Every structure is written in structure tokens, then in C-alpha cells.
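First comes the structure, then the notes that go with it.
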Amino acid sequence: MPRQFFVGGNFKMNGSVDTIKGIVSHLNDAKVDSNTEVVIAPPALYLLLTREHLRSGIEVAAQNVFDKPNGAFTGEISVAQLKDSNITWTLLGHSERRVVLQESDSFVASKTKAALDGGLGVILCIGESLEQREAGKTIDVVTAQLSAVAKEVKDWSKIVIAYEPIWAIGTGKVATKEQAQEVHAAIREWLGKEVSSEAADNTRIIYGGSVSEKNCRELAQEKDIDGFLVGGASLKPAFVDIINARQ
Numbered sequence: 004m005p006r007q008f009f010v011g012g013n014f015k016m017n018g019s020v021d022t023i024k025g026i027v028s029h030l031n032d033a034k035v036d037s038n039t040e041v042v043i044a045p046p047a048l049y050l051l052l053t054r055e056h057l058r059s060g061i062e063v064a065a066q067n068v069f070d071k072p073n074g075a076f077t078g079e080i081s082v083a084q085l086k087d088s089n090i091t092w093t094l095l096g097h098s099e100r101r102v103v104l105q106e107s108d109s110f111v112a113s114k115t116k117a118a119l120d121g122g123l124g125v126i127l128c129i130g131e132s133l134e135q136r137e138a139g140k141t142i143d144v145v146t147a148q149l150s151a152v153a154k155e156v157k158d159w160s161k162i163v164i165a166y167e168p169i170w171a172i173g174t175g176k177v178a179t180k181e182q183a184q185e186v187h188a189a190i191r192e193w194l195g196k197e198v199s200s201e202a203a204d205n206t207r208i209i210y211g212g213s214v215s216e217k218n219c220r221e222l223a224q225e226k227d228i229d230g231f232l233v234g235g236a237s238l239k240p241a242f243v244d245i246i247n248a249r250q
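Structure below.
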């Protein structure tokens, strides 16, 4: 079976009650490719609002989750609380958290295990800095990030890997389709060697980094690019064009 195309929308720390309702209404009314799995990630404050108004068939993700059960962890959200609220996915390992909040590979891996054990799907973000790319360390960096997860997780069936080169996030710079395909192919090769041939065949590897309606169709043609994680463009009507990139 071919891998189902997957498009995630990461709203980051953007939105208000009115703008979130507007985005959701647009998605509810839009004609989107039925063969594409769509998941949107609003800020935590608006998770319930989004889930309440969003039509069935489009899922909602948290932008983060903690790796401990409910308890004395001020400011955090647990896996159980997300499940209780019908939030079925979470983003983890986004570079904005790895870099600014100094989240380690092992901490991201621990949260990934907790989310999967609790029944959530995980959009696992990985990627290299410009300095690391220019030093020829891209594959070393992304496979180290994945190896930390592989130490904790055996079943990758509910993981979507989002390759997001840090130098391309929010900068307007986009990896060429050849650059993206090269890294995606290396990730799939790593999955085959370090996890299983089944994981290599079935795990969706999506691209993120200034994806827009202008570049999505070209990127979507590459054999190892199984979709997109979209930042700023997910707040705009053109998000629907990205969802429909394979049509």
C-alpha cells in the first residue's frame, strides 16, 4: 500500500478566538483531497475550541506534551488530558523548542514514548542548522535525533517524521526538491537499518521549512516526500492548496 499523504499545520503562537474560528470554518467548507490526512496544531489555549468546531476527518494536534502523568508539573499538559479532550496527535522536537528551550534529544525521545504509550500520534520534528549543513553534518544530526527515539520506541507506526532544516523555517528559504529528497531518502535508509524494513516502507517522512502553495507541488513529486508540516502558510487560505498538492 502506498503511504498516505500527510499535511500538518503548525499555528505556533498565533491566533485568537476569532481567527481560529475563521481558519476552521474555511477548512470545514474547503474541498480537500480525501486521500490526504490533515492535522492542525493550534496553541494549547485553543485546542478545545478547534476540536469543537472542526469537522470530523481532520484531526487536532497539541504543539507539545509532557512525558510524565498528571501531577505537580506547572504549565504542562499530559497525554491523558489530551486524550480526554479528543486531541489525537502532538508535535514533538520542533527546532524552536530544541534551540530556544534547550530540549535534548533524550527528552524529546522520552516525550515521544509517553505520547505513543498513551495512544497519541506523534509528528516528530528533526533538522539541522545552517552551520551543520555547511559542515556536511546533516545526516549525522538527523540520524542522532532519530536514534534517541529508537532507544525508547520500537513501534513507529504512529510516528510521522517531519524533516525541517532549521535554516529554512520561517526564513523564506526552501530546501530544493533535490536537497529535501536526499535527506528523506537517507532517513528512510536509516529506518530500514536501525528499526525495520516495515518502518522504512510505511513511515511517512514529511518536509517542513517555508512550504507554500508556490513550491508544494514540485516537492510533493519526490518519491520520499510524503507530505508537509506547514507553519505560517497554515494560517492562510492557501493552506488548502498545500493539502491538495498531490491532486
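The sequence shown maps to residues 4 to 250 in my numbering.
By construction, the Cβ of each residue, glycine as well, lies at the ideal position given by its N, Cα and C atoms.
Remember, it's a predicted structure, so these values are computed and weren't measured experimentally.
Check                                                                                                                        : Outcome
Nearest neighbour of residue 81, chosen from 54, 57, 119, 198 [CA to CA]                                                     : 119
Pairwise C-alpha distance: residue 173 and residue 239                                                                       : 14 Å
Contact the stretch 193-200 vs the stretch 209-225: 3+ CB pairs below 8 Å                                                    : no
Residues sharing a beta bridge with residue 208, DSSP                                                                        : 164
Span separating the alpha-carbon of residue 213 from that of residue 41                                                      : 18 Å
Residue 245 versus residue 10: straight-line alpha-carbon distance, rounded                                                  : 8 Å
C-alpha gap between residue 187 and residue 44, whole angstroms                                                              : 23 Å
Any 3 or more C-beta pairs closer than 8 Å across the stretch 71-88 and the stretch 125-143                                  : no
For residue 209 and residue 55, the rounded distance between their alpha carbons                                             : 27 Å
Nearest neighbour of residue 18, chosen from 8, 31, 53 [CA to CA]                                                            : 53
Cβ-based neighbour list, residue 106, same chain, cut-off 6 Å, excluding 5 preceding and 5 following                         : 100
Three-way DSSP call (helix, strand, coil) for residue 93 in this model                                                       : strand
Residues of its chain near residue 250, where Cβ-Cβ distance is below 7 Å and the 5 sequence neighbours each way are ignored : 36
For residue 85, the first and last residue of its enclosing alpha helix (DSSP H)                                             : 82-87
Beta-carbon spacing of residue 207, residue 6 below 8 Å                                                                      : yes
Continuous beta strand (DSSP E) stretch holding residue 126: start and end                                                   : 124-129
Endpoints, alpha helix (DSSP H) assigned at residue 242                                                                      : 242-246
Proximity of residue 117 and residue 158 at Cβ, strictly below 8 Å                                                           : no
Start-end ranges of the beta strand (DSSP E) lying completely within the stretch 148-195, minimum 3 residues                 : 162-166
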